[in-house]
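Asks: The structure follows.
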Amino acid sequence: MLDPYRSFRLGVAGPVGTGKSSLIATVCRALAAEMQMGVVTNDIYTDEDAKFLRAEGVLAADRIVAVETGACPHTAIRDDVTANLIAVETLEADHAPLDVVLVESGGDNLTATFSPALVDAQIFVLDVAGGGDVARKGGPGIARADLLIVNKTDLAPYVGVDVATMVSDAEGARDGRPVIALSRTDQHSVAELAGWVRQSVERHRSGEHAPTDPGPMPPHAHHHSH
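First residue of the sequence shown: 43, per my numbering; consecutive thereafter.
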């Protein structure tokens, strides 16, 4: 039986500057009226992202906690998740019952993925300003995260990126897994994201969802010539 105090834990990873904090703020604005939510942010030496989210007023300040990783962000979300796990479980204990805890990775690179020991599902975030070709570059987050976001689509005309092509490239890399082209100013895309989170929470509660490990290594083979 599912622990009633155990939230659905959703990781948000992606390179520096792709809009992870803004995406979390968007999710909280869309769903806080219907769900009990908490957020754990990760920065190497600061609590800047937590301060941003508190200033945005998306949740009560005590539902947003910061982990200062002091080292590679990848380490804190994948290799030794202790500090993050303690932060999540403390939020769950202090505000029980929570429906969702969002865990934001520190800005990393295309190899960053969460351990399934920390989160139940994960979103990987790219943005159009990072270049239209980045979705084709692949990596475990792009290929196998539960959801891929192509973010800041409103900026595409200013950076010379064709959103439809970038999304098509992303879909081609993901073997049928979902991709959402998102702008926080586009209510249709925000509703699509909120719907995905809502559905993921329901699948977690019903036991349909099983956490999977997206990486870091893709399936591969070594071919030897004779």
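Glycine included, every Cβ here is placed at the ideal spot set by N, Cα and C.
Helix or strand or just coil, what does DSSP make of F50?
Replies: On the sequence shown, residue 50 is found 8 positions in, with the first residue counted as 1. Strand at F50.
Asks: Excluding five sequence neighbours on each side, which residues of the same chain lie with their C-beta closer than 6 Å to the C-beta of Y47?
Replies: Walking along the sequence shown from the start, residue 47 turns up at place 5. Within the same chain, Y47 has close Cβ partners E134, A138, P139.
Asks: Pull up the distance between the alpha-carbon of E11 and that of A67, whole angstroms please.
Replies: This structure cannot settle anything about residue 11, because the visible part of the chain is limited to 43 through 268.
Asks: Spatial neighbours of G56 within its chain, please: CB distance less than 6 Å, with the 5 preceding and 5 following residues excluded, ordered by chain position.
Replies: One-based indexing of the sequence shown puts residue 56 at position 14. Counting only Cβ-Cβ distances below 6 Å, and skipping sequence neighbours, we find K62, F166, V167.
Asks: Would you tell me roughly how many angstroms separate the C-alpha atoms of T117 and I106, rounded to the nearest one?
Replies: Taking the first residue of the sequence shown as 1, we reach residue 117 at position 75. Taking the first residue of the sequence shown as 1, we reach residue 106 at position 64. Cα to Cα, the separation comes out at about 21 Å.
Asks: Return the first residue and the last residue of the beta strand (DSSP E) that A108 is part of.
Replies: On the sequence shown, residue 108 is found 66 positions in, with the first residue counted as 1. Segment 106 to 110, the beta strand (DSSP E) holding A108.
Asks: On the DSSP bridge list, what partners appear for T83?
Replies: Sequence index remark: in the sequence shown, residue 83 carries index 41 (1-based). Partner(s): A108, E146.
Asks: Rounded to whole angstroms, what's the CA-CA distance from W238 to I222? Just pull it up for me.
Replies: If you number the sequence shown from 1, residue 238 lands on position 196. If you number the sequence shown from 1, residue 222 lands on position 180. Between W238 and I222, the C-alpha separation is close to 10 Å.
Asks: Anyone know if the C-beta pair for G53 and S147 falls short of 8 Å?
Replies: Within the sequence shown, the letter at position 11 stands for residue 53. Within the sequence shown, the letter at position 105 stands for residue 147. In this structure, S147 lies closer than 8 Å to G53 by Cβ.
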